[in-house]
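J.:
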């Protein structure tokens with residue numbers, strides 16, 4: 016009797032639910048987001064990289080919650096379609112997300128809303144031929160993009176060894192023994208004006224060509240508006256348990272006013288009648304032994320700017336128009352626990368550079384000219400750091416901590432007179448956070 020009742024109810028339920036199920040399916044089809052072009056494969060991806068940044072400028076100590084700009088949070092769409100056995104068409108749109116920019120906040124602003132929010136990282140299409148290479152058009156990396164950041168250990172998510180401004184580069188320099196910082200000169204300005212490693216590339220509106228791979232080598236070249244171009248050569252190879260990646264690139268910009276927020280020339284707006292030339296040459300190499308887990312990264316670059324000696328404040332001083340850096344990271348990466356690989360590493364970075372048309376305001380406590388404004392005649396930045404990164408394989412997640420210690424030297428020039436700035440405090444930062452991919 017009980018079995019008969021259950022069977023009858025199931026039969027009735029089945030008759031009622033099927034019509035309802037069809038209606039539900041139709042409703043879902045009408046409201047679900049899906050590809051407009053079903054011939055093109057689509058992947059949605061991204062990452063979230065947030066951290067607590069503890070800082071000490073020699074006078075004040077504090078902590079902020081930031082987006083770690085070493086590899087900032089982002090989301091994107093990429094895909095493509097096969098045209099024939101040789102040719103495919105592809106695209107990528109990627110948006111960066113900064114809730115609080117770790118390289119632009121400072122002693123007076125924990126968020127810096129003007130430098131946070133959304134930004135376009137990629138917006139391009141390409142045609143890729145296995146035989147002839149790839150042509151890519153849009154907001155794209157150039158040939159020199161990330162040429163100083165090759166890193167087989169994956170610690171670039173934590174802190175790039177050759178791009179040190181990401182960890183507090185927006186903080187203002189403090190005079191040694193000063194009562195407090197002032198809204199003056201950000202320490203990133205000491206590094207070729209923008210904070211980017213000399214010779215490092217950028218994403219911009221450009222046309223990029225990349226060759227097919229041959230014996231581990233690929234060549235690339237890019238051209239963009241305002242008379243910009245670059246060219247590079249990269250290599251990937253394995254020798255038993257040893258993995259190697261390396262690259263070198265040359266870049267040139269002959270537009271007199273390059274006001275790029277991230278990768279501009281050290282001198283700008285000097286002489287609009289001069290067809291100046293800002294050039295860079297840089298490269299890096301990464302070597303990893305997969306058996307022992309030992310690895311090493313090395314990068315170096317140089318930039319020179321023909322316009323800098325035309326600046327009035329540098330007249331007759333013999334100002335240096337070159338800007339150089341080198342950087343290294345060594346460490347070990349092993350799976351010491353069930354979560355995933357652990358990476359322990361140390362970093363060192365040194366920059367020395369010549370004249371920069373960056374004004375140091377009169378009255379800034381670091382300005383040895385007192386009430387008169389001056390410009391950067393030469394500068395030096397030294398950094399050493401220690402870090403740890405724990406991979407959590409089950410979540411495609413990395414937990415990390417990174418400590419960095421910065422020291423600065425600065426000379427100023429005004430009207431052909433050169434002198435040291437006031438003594439500068441060191442800067443320290445500790446980043447603790449996580450990055451999770453999706």
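In this note's numbering, the protein residues as written are 16 to 453. Glycine included, each C-beta is placed from N, C-alpha and C at the ideal position.
Among the residues of its own chain, which have a CB less than 7 Å from the CB of residue 237, if the five just before and after it don't count?
T.: On the chain shown, residue 237 is found 222 positions in, with the first residue counted as 1. Cβ within range, chain order: 157, 158, 221, 222, 223, 244, 245.
J.: Throw me the rounded Cβ distance for the residue 210 and residue 180 pair, which I believe falls under 8 Å.
T.: Residue 210 sits at position 195 when you count from the first residue of the chain shown. Residue 180 sits at position 165 when you count from the first residue of the chain shown. With a Cβ gap of about 3 Å, residue 210 and residue 180 count as contacting.
J.: Mind checking residue 379: buried by the 16 CB within 10 Å criterion, or exposed?
T.: If you number the chain shown from 1, residue 379 lands on position 364. Looking at its Cβ environment, which holds 16 or more other Cβ atoms inside 10 Å, residue 379 is buried.
J.: Would you say the region 80–95 touches the region 106–122, given that touching needs at least three Cβ pairs under 8 Å?
T.: Yes, the region 80–95 is in contact with the region 106–122.
J.: Classify residue 444 as buried or exposed, calling it buried when 16 or more other Cβ atoms lie within 10 Å of its own Cβ.
T.: For the purposes of this step, residue 444 is identified with residue 429 of the chain shown, where counting begins at 1. So residue 444 ends up on the buried side.
J.: Roughly how many angstroms separate the alpha carbons of residue 174 and residue 383, rounded to a whole number?
T.: For the purposes of this step, residue 174 is taken as residue 159 along the chain shown, with counting starting at 1. For the purposes of this step, residue 383 is taken as residue 368 along the chain shown, with counting starting at 1. Looking at the two C-alpha atoms, the distance is approximately 33 Å.
J.: Once the 5 residues before and after residue 409 are set aside, which same chain residues still bring their CB inside 6 Å of it?
T.: The sequence position of residue 409 within the chain shown is 394, counting from 1. Closer than 6 Å at Cβ, skipping near neighbours: no residue.
J.: What is the C-beta distance between residue 392 and residue 365, in whole angstroms, given that I count them as a contact (C-beta under 8 Å)?
T.: Your numbering for residue 392 matches position 377 in the chain shown. Your numbering for residue 365 matches position 350 in the chain shown. Wrong, their Cβ atoms sit about 19 Å apart, outside the cutoff.
J.: Leaving aside the five residues before and after residue 453 along the sequence, list all residues of the same chain whose C-beta is less than 6 Å from its C-beta, in chain order.
T.: Against the chain shown, residue 453 aligns to sequence position 438. Closer than 6 Å at the Cβ level, and outside the excluded window around residue 453, lie 61.
J.: When DSSP builds the beta bridges, which residues end up paired with residue 57?
T.: Residue 57 sits at position 42 when you count from the first residue of the chain shown. Residue 57 is bridged to 94.
J.: From the beta carbon of residue 404, is the nearest beta carbon of chain B less than 8 Å away?
T.: Reference to chain B is not applicable here, since this structure consists of a single protein chain.
J.: So, under 8 Å CB-CB, residue 88 and residue 63 are touching, yes? Tell me the CB distance rounded to an integer number of Å.
T.: For the purposes of this step, residue 88 is identified with residue 73 of the chain shown, where counting begins at 1. For the purposes of this step, residue 63 is identified with residue 48 of the chain shown, where counting begins at 1. The Cβ separation is near 5 Å, so the contact holds.
J.: For residue 386, which residues in the same chain have their Cβ closer than 8 Å to its Cβ, ignoring the five residues on either side in sequence?
T.: Residue mapping note: residue 386 aligns to position 371 of the chain shown, counting from 1. So the list reads 377, 378, once near-sequence residues are dropped.
J.: For residue 131, collect the residues of the same chain with a Cβ closer than 8 Å to its Cβ; drop the 5 residues on either side in sequence, then sort them by chain order.
T.: The count along the chain shown starts at 1 and reaches residue 131 at position 116. 82, 113, 114, 115, 116, 119, listed in sequence order.
J.: Figure out for me which residue from 72, 142, 198, 182 has the closest Cα to the Cα of residue 191.
T.: Counted from its first residue, the chain shown places residue 191 at position 176. It is 72 whose Cα lies nearest to the Cα of residue 191.
J.: Excluding sequence positions up to five away, which residues of its chain have a Cβ less than 6 Å from the Cβ of residue 256?
T.: As a working mapping, residue 256 is identified with position 241 in the chain shown. Here the set comprises 304, 305, 306.
J.: Can the beta-carbon of residue 333 be found less than 8 Å from the beta-carbon of residue 318?
T.: Within the chain shown, numbered from 1, the residue matching residue 333 stands at position 318. Within the chain shown, numbered from 1, the residue matching residue 318 stands at position 303. Not a contact, by the Cβ cut-off of 8 Å.
J.: Which one or two residues does DSSP pair with residue 154 in a beta bridge?
T.: As a working note, residue 154 is residue 139 in the chain shown. Residue 154 pairs with 138, 220.
J.: Provide the residue span of the beta strand (DSSP E) that contains residue 108, from first to last.
T.: Position 93 of the chain shown holds residue 108. Looking at the DSSP string, the run of the beta strand (DSSP E) that includes residue 108 is 102–113.
J.: Less than 8 Å separating the beta-carbons of residue 14 and residue 212?
T.: Outside the displayed span of the chain (16 to 453) sits residue 14, for which this structure offers no information.
J.: How many whole angstroms separate the CB atoms of residue 8 and residue 168, which I take to be in contact at a CB cut-off of 8 Å?
T.: Only positions 16 to 453 of the chain appear in the structure, and residue 8 is not among them; the question remains open.
J.: On the criterion of 16 or more Cβ atoms from any shown chain inside 10 Å, does residue 371 qualify as buried, or is it exposed?
T.: Residue numbering aside, residue 371 sits at position 356 when the chain shown is read from its first letter. With 16 or more other Cβ atoms within 10 Å, it is buried.
J.: Find out if the Cβ-Cβ distance for the pair residue 160, residue 216 is shorter than 8 Å.
T.: By 1-based counting over the chain shown, the position of residue 160 is 145. By 1-based counting over the chain shown, the position of residue 216 is 201. Closer than 8 Å, so yes.
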